[in-house]
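S.K.:
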Amino acid sequence: MDSQRMRIWVTLEKMGQFRPKGGKIILVRDWNKIKEKTMELERDPQISFLHTLNLHLDDLDRLMENGIRSAANSTAHKLPEQARAEEVISRVKEDGPHGTTLHDMRRWLENIAKGDIALWEDGFRTEPGGPGTFEWWYFDAVFDDGSTLVTTFMVKDIRNRKGVHQPAGPVVMFELDQADGKHFKRTAHAADGDFSFATERCDVRIGLNTFTGDLHSYHIHVDIDGVIVDITLTGQVPPWRPETGHILFGDDEQHYFAWLPAVPQGAVQAELTIDGSTHTMAGVGYHDHNWGNATMMQLMHHWYWARARVGDYTVIASYITAEKKYGYAEVPIFMLAKDGKILADDGRLAQFSKFDEHFDPVTGKPVANTVVYDYDGTASGGERYRVTFRREKTIVQDRMINMIKGLGRILAQLVGFDGAYLRFTGQVDIETAAGHADPATISAPGL
Numbered sequence: 001m002d003s004q005r006m007r008i009w010v011t012l013e014k015m016g017q018f019r020p021k022g023g024k025i026i027l028v029r030d031w032n033k034i035k036e037k038t039m040e041l042e043r044d045p046q047i048s049f050l051h052t053l054n055l056h057l058d059d060l061d062r063l064m065e066n067g068i069r070s071a072a073n074s075t076a077h078k079l080p081e082q083a084r085a086e087e088v089i090s091r092v093k094e095d096g097p098h099g100t101t102l103h104d105m106r107r108w109l110e111n112i113a114k115g116d117i118a119l120w121e122d123g124f125r126t127e128p129g130g131p132g133t134f135e136w137w138y139f140d141a142v143f144d145d146g147s148t149l150v151t152t153f154m155v156k157d158i159r160n161r162k163g164v165h166q167p168a169g170p171v172v173m174f175e176l177d178q179a180d181g182k183h184f185k186r187t188a189h190a191a192d193g194d195f196s197f198a199t200e201r202c203d204v205r206i207g208l209n210t211f212t213g214d215l216h217s218y219h220i221h222v223d224i225d226g227v228i229v230d231i232t233l234t235g236q237v238p239p240w241r242p243e244t245g246h247i248l249f250g251d252d253e254q255h256y257f258a259w260l261p262a263v264p265q266g267a268v269q270a271e272l273t274i275d276g277s278t279h280t281m282a283g284v285g286y287h288d289h290n291w292g293n294a295t296m297m298q299l300m301h302h303w304y305w306a307r308a309r310v311g312d313y314t315v316i317a318s319y320i321t322a323e324k325k326y327g328y329a330e331v332p333i334f335m336l337a338k339d340g341k342i343l344a345d346d347g348r349l350a351q352f353s354k355f356d357e358h359f360d361p362v363t364g365k366p367v368a369n370t371v372v373y374d375y376d377g378t379a380s381g382g383e384r385y386r387v388t389f390r391r392e393k394t395i396v397q398d399r400m401i402n403m404i405k406g407l408g409r410i411l412a413q414l415v416g417f418d419g420a421y422l423r424f425t426g427q428v429d430i431e432t433a434a435g436h437a438d439p440a441t442i443s444a445p446g447l
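Just so you know, we're using UniProt numbering here: the sequence shown kicks off at 1 and counts up by one.
1) Considering only the beta carbon of each residue, do Tyr319 and Val310 sit closer than 9 Å?
2) Could you please give the first and the last residue of the uninterrupted beta strand (DSSP E) stretch that includes Gln269?
3) Could you tell me if Ser380 is buried or exposed, where buried requires 16 or more neighbouring beta carbons within 10 angstroms of its beta carbon?
4) Relative to the alpha-carbon of Gly266, which residue among Tyr256, Val284, Leu272, Ala258 has its alpha-carbon at the smallest distance?
5) Hey, is the stretch 335 to 353 in contact with the stretch 272 to 284, meaning 3+ C-beta pairs nearer than 8 Å?
6) Give the C-beta separation of Ile316 and Pro261 to the nearest angstrom, bearing in mind that I take them to be a contact with Cβ-Cβ under 8 Å.
7) Give a yes or no on whether the C-beta atoms belonging to Gly245 and Glu121 are separated by under 9 Å.
8) Using CA coordinates, which residue listed in Arg186, Ala433, Lys182, Gly169 is at the minimum distance from Glu175?
9) If we call anything under 9 Å between Cβ atoms a contact, is Pro242 one with Asp345?
10) Identify every residue that forms a DSSP beta bridge with Thr234.
11) For Thr370 versus Arg390, is the C-beta spacing smaller than 9 Å?
12) Quick check on the DSSP output: what are the complete beta strand (DSSP E) runs of length 3 or more inside the stretch 175 to 209, in order along the chain?
13) Could you tell me if Thr432 is buried or exposed, where buried requires 16 or more neighbouring beta carbons within 10 angstroms of its beta carbon?
14) Check whether the stretch 127 to 146 and the stretch 215 to 234 are in contact - that is, three or more C-beta pairs closer than 8 Å.
15) Quick one, are the C-beta atoms of Leu299 and Val263 less than 9 Å apart?
16) Considering Cα atoms alone, identify which of Val155, Pro366, Pro131, Ala350 is closest to Thr378.
17) Ser443: buried (16+ other C-beta within 10 angstroms of its C-beta) or exposed?
18) Taking the straight line between their C-alpha atoms, what separation do you get for Thr280 and Asp177?
19) Start and end of the alpha helix (DSSP H) containing Leu149?
20) Is the Cβ-Cβ distance between Phe153 and Val204 less than 9 Å?
21) Comparing C-alpha positions only, which one of Gln427, Ala118, Glu383 sits nearest to Pro239?
22) Pick helix, strand or coil for Trp240, following the three-state DSSP scheme.
23) Among Ala306, Thr148, Lys324, which residue has its Cα nearest to the Cα of Phe352?
24) Which residue spans inside the stretch 289 to 358 form an unbroken beta strand (DSSP E) run of at least 3?
25) Just reading off the beta strand (DSSP E) that Thr370 is part of, what are its end residues?
Here's what the structure looks like:
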């Protein structure tokens with residue numbers, strides 16, 4: 001089975017039908033907004049700023065180096081900016097976080113360009129055990145024989161009834177579906193203190209399990225109950241995020257959801273040992289990093305999310321509709337790459353449409369059999385593209401209340417919680433418009 005044929009399409013529906021209207025939800029394009037608004041969890045805004053980016057004095061030299069590299073890539077910020085960065089670093093180290101140089105540091109950090117994603121962005125971003133926070137590093141792969149593997153390293157096991165409001169309790173989740181139909185599912189919780197999360201880069205350890213990388217090459221090791229896996233992921237598409245990768249919610253912008261697809265697509269080599277039998281596999285994989293200070297269920301009414309590899313193209317597309325309290329505001333996200341080069345990624349230029357809706361018989365949620373993203377970049381000298389996802393098979397139909405146990409489930413029933421999670425496979429078409437240098441329609445059938 002060709003690994004290019006695996007297509008995953010996800011939707012979450014909470015309340016069924018709704019009437020969209022305007023509301024306050026922002027996909028942040030300005031780094032300064034992130035520094036000032038995103039994580040004002042501490043009463044002292046200066047401490048909050050340092051905490052937000054996990055800036056510690058020991059890390060400033062590293063950030064300084066990244067800042068100079070970023071500044072050198074901009075004609076507007078050459079040697080004077082480098083000298084200013086050196087001055088700021090020196091003064092912050094001398095004066096500490098309450099010095100008057102934090103504004104200068106903030107301005108310096110703004111020079112991190114949209115496309116210049118730094119190593120620390122895939123490092124630990126939330127307060128350990130902070131109230132309401134969540135964070136995880138995710139990886140999945142489709143192997144050449146059709147087998148699929150998913151693993152997630154989570155700072156908290158948000159599946160229990162306390163969700164994001166519990167203290168840190170790191171957990172690793174692993175699932176492997178082999179081409180012969182065998183299924184392996186493993187979960188490992190960290191013993192007290194037996195975990196670490198680096199802030200300067202992706203370097204995560206939960207017990208015997210590790211997830212490390214540098215935005216291009218990653219190594220993942222999982223060792224749980226007779227299943228040992230060593231994975232190497234090498235990026236084929238550069239790290240990407242929609243603008244700053246942060247979405248702010250509410251008039252006071254108190255809550256946020258952040259997302260970094262560090263490897264939108266990469267080559268995978270894996271060695272799997274199951275019950276003493278070892279074999280190697282190759283395929284295509286993906287890694288992203290998510291964090292925030294409120295559950296997605298609190299912030300989002302529903303969303304469609306998809307990614308696919310179609311010939312030489314890679315696409316990531318999502319359409320998020322915020323919760324009722326945020327006015328059902330909508331955020332489109334779109335990225336299209338070819339041969340490892342990003343062609344289009346301004347979600348504001350993508351028009352989302354859905355067709356042929358039906359109610360899923362298990363969850364009772366409305367599901368579109370076809371969703372379309374029309375991207376028009378011609379106003380700025382770009383191209384037009386149409387990406388169509390056609391559902392053919394539903395492979396996951398989960399009512400989220402069934403994942404909640406004990407008292408939490410009773411409480412969820414009392415408040416009318418009715419969330420659901422669905423996954424689909426199907427056909428993906430990518431069309432380039434007439435007038436394009438290479439007009440064509442490219443398709444990849446689903447499983």
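We treat Cβ as the ideally placed atom computed from N, Cα and C, and that holds for glycine. This one's a predicted model, so the numbers in the text were calculated from it and none came from an experiment.
M.R.: The answer reads as follows:
1) The count along the sequence shown starts at 1 and reaches residue 319 at position 319. The count along the sequence shown starts at 1 and reaches residue 310 at position 310. Inclusion of Tyr319 and Val310 in the CB contact set at 9 Å is not warranted, their separation being larger than that value.
2) Position 269 of the sequence shown holds residue 269. Element bounds for Gln269: 255 to 274.
3) In the sequence shown, residue 380 corresponds to position 380, counting from 1. So Ser380 ends up on the exposed side.
4) For the purposes of this step, residue 266 is taken as residue 266 along the sequence shown, with counting starting at 1. If we check each option's Cα against that of Gly266, Val284 comes out closest.
5) Segments in contact, no.
6) Here residue 316 is taken as the residue at index 316 of the sequence shown, counted from 1. Here residue 261 is taken as the residue at index 261 of the sequence shown, counted from 1. Confirmed, Cβ separation roughly 6 Å.
7) Here residue 245 is taken as the residue at index 245 of the sequence shown, counted from 1. Here residue 121 is taken as the residue at index 121 of the sequence shown, counted from 1. With respect to the 9 Å criterion, Gly245 and Glu121 are classified as neighbours on the basis of their beta carbons.
8) Numbered from 1 along the sequence shown, position 175 holds the residue referred to as residue 175. Closest in alpha carbon position to Glu175, among Arg186, Ala433, Lys182, Gly169, is Arg186.
9) Start at 1 with the first residue of the sequence shown, and residue 242 comes out as number 242. Start at 1 with the first residue of the sequence shown, and residue 345 comes out as number 345. In this structure, Pro242 places its C-beta atom within 9 Å of the C-beta atom of Asp345.
10) Here residue 234 refers to the residue found at position 234 when the sequence shown is read from its first residue. Assignment of beta-bridge partners to Thr234 by DSSP yields Ser217, Ala267.
11) Position 370 of the sequence shown, counting from 1, holds the residue named residue 370. Position 390 of the sequence shown, counting from 1, holds the residue named residue 390. Yes, Cβ-Cβ distance for Thr370 and Arg390 is below 9 Å.
12) Secondary structure within the stretch 175 to 209: the beta strand (DSSP E) runs of 3 or more consecutive residues, fully enclosed, are 183 to 189, 195 to 197, 202 to 206 (chain order).
13) Counting from one through the sequence shown, the residue named residue 432 turns up at place 432. The residue is buried, with at least 16 neighbouring Cβ atoms inside 10 Å.
14) With the cut-off at 8 Å, the stretch 127 to 146 and the stretch 215 to 234 touch.
15) What you label residue 299 is simply residue 299 of the sequence shown in a count that begins at 1. What you label residue 263 is simply residue 263 of the sequence shown in a count that begins at 1. Between Leu299 and Val263, the C-beta spacing is not below 9 Å.
16) Walking along the sequence shown from the start, residue 378 turns up at place 378. Of the candidates Val155, Pro366, Pro131, Ala350, the residue whose Cα lies closest to the Cα of Thr378 is Ala350.
17) Here the question's residue 443 lines up with position 443 in the sequence shown. Under this definition Ser443 is an exposed residue.
18) Against the sequence shown, residue 280 aligns to sequence position 280. Against the sequence shown, residue 177 aligns to sequence position 177. For Thr280 and Asp177, the distance between alpha carbons rounds to 15 Å.
19) Residue 149 sits at position 149 when you count from the first residue of the sequence shown. For Leu149, there is no enclosing alpha helix (DSSP H); the enclosing beta strand (DSSP E) covers residues 148 to 154.
20) Reading the sequence shown from its first residue, position 153 is the one you call residue 153. Reading the sequence shown from its first residue, position 204 is the one you call residue 204. In this structure, the beta-carbon distance from Phe153 to Val204 falls below 9 Å.
21) As a first step, residue 239 must be located in the sequence shown, where it is residue number 239. Nearest option by C-alpha distance: Ala118.
22) Your numbering for residue 240 matches position 240 in the sequence shown. Residue state, collapsed to three classes: coil.
23) The residue labelled residue 352 in the question sits at position 352 within the sequence shown. In terms of Cα proximity to Phe352, the closest of Ala306, Thr148, Lys324 is Ala306.
24) Qualifying beta strand (DSSP E) stretches, in chain order: 300 to 310, 313 to 322, 330 to 338, 341 to 344.
25) On the sequence shown, position 370 is the one that residue 370 refers to. Boundaries of the beta strand (DSSP E) around Thr370: 366 to 376.
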